[in-house]
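In what follows, a structure is listed as structure tokens, so that the remarks can point back to it.
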Amino acid sequence: MSEQDCLFCKILEGVIPADIVYESDTAVAFRDVNPQAPTHVLVIPRKHIPTINALRAEDEQIVGSLYLAAQEIAQQEGIAEYGYRAVMNCNAGAGQTVFHLHLHVLGGRALSWPPG
Ligand code: 5GP
Ligand code: ZN
Numbered sequence: 001m002s003e004q005d006c007l008f009c010k011i012l013e014g015v016i017p018a019d020i021v022y023e024s025d026t027a028v029a030f031r032d033v034n035p036q037a038p039t040h041v042l043v044i045p046r047k048h049i050p051t052i053n054a055l056r057a058e059d060e061q062i063v064g065s066l067y068l069a070a071q072e073i074a075q076q077e078g079i080a081e082y083g084y085r086a087v088m089n090c091n092a093g094a095g096q097t098v099f100h101l102h103l104h105v106l107g108g109r110a111l112s113w114p115p116g
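Residue numbers for the sequence shown follow this note's numbering, so the first one is 1 and each next one is one higher.
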């Protein structure tokens with residue numbers, strides 16, 4: 001999938017609406033349209049990076065900023081103390097369906113391990 005027809009780039013451009021809960025210079029977060037937990041937020045970089053496999057050394061700070069965003073969102077959502085999951089799927093075999101890097105922030109219920 002190219003940047004031109006990337007769903008999450010369209011959300012960043014405002015072409016597709018989303019319930020945005022956090023914004024910084026490098027990251028944006030919005031609620032997942034099909035939530036798997038009471039809190040299910042997707043944190044994405046403003047830069048189009050398709051997968052973890054496509055990361056470069058220069059993206060190190062961007063990835064760090066996704067986790068700092070997750071920390072702030074967890075506080076906002078009131079799930080930080082109980083616990084939450086921040087997870088990134090890489091490629092189809094792991095369940096990735098949108099090829100623009102995104103961190104799932106899931107919480108608000110007990111989460112089992114290992115995931116399916
Ligand atoms: P993946 O399966 O790639 O790890 O996660 C993609 C996530 O994006 C899924 O949880 C899916 O529900 C969510 N998603 C797909 N399309 C949209 C959309 O148009 N808006 C929002 N907010 N989430 C979406
Ligand atoms: Zn994109």
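The C-beta atom is built at its ideal place from N, Cα and C for all residues, glycine as well.
Item	Value
With a cut-off of 8 Å on the beta carbons, I'd call alanine 70 and leucine 103 a contact; round off their distance for me.	6 Å
Got a sec, what are the start and stop residues for the beta strand (DSSP E) isoleucine 44 sits in?	39–45
Identify the continuous beta strand (DSSP E) that holds phenylalanine 30 and give its terminal residues.	27–31
Counting Cβ pairs, one atom from each stretch, are 3 or more of them under 8 Å apart for the region 52–67 and the region 106–114?	no
Evaluate valine 33 with the Cβ neighbour count: other Cβ atoms within 10 Å of its Cβ, from every protein chain shown; 16 or more gives buried, anything less gives exposed.	exposed
Should glycine 28 be labelled buried (16 or more other beta-carbon atoms within 10 Å of its own) or exposed?	The sequence given here has valine at residue 28, not glycine. Valine 28 comes out buried.
Go to histidine 16, then tell me how far its beta strand (DSSP E) extends in each direction, as first and last residue.	Strictly speaking, residue 16 in this sequence is isoleucine, with histidine absent from that position. Per DSSP, isoleucine 16 belongs to no beta strand (DSSP E) and is neither H nor E.
Ordered along the chain, which non-local residues of its own chain (more than five positions away) have a Cβ less than 8 Å from that of isoleucine 49?	Leu55, Asp59, Ile62, His100, Leu101
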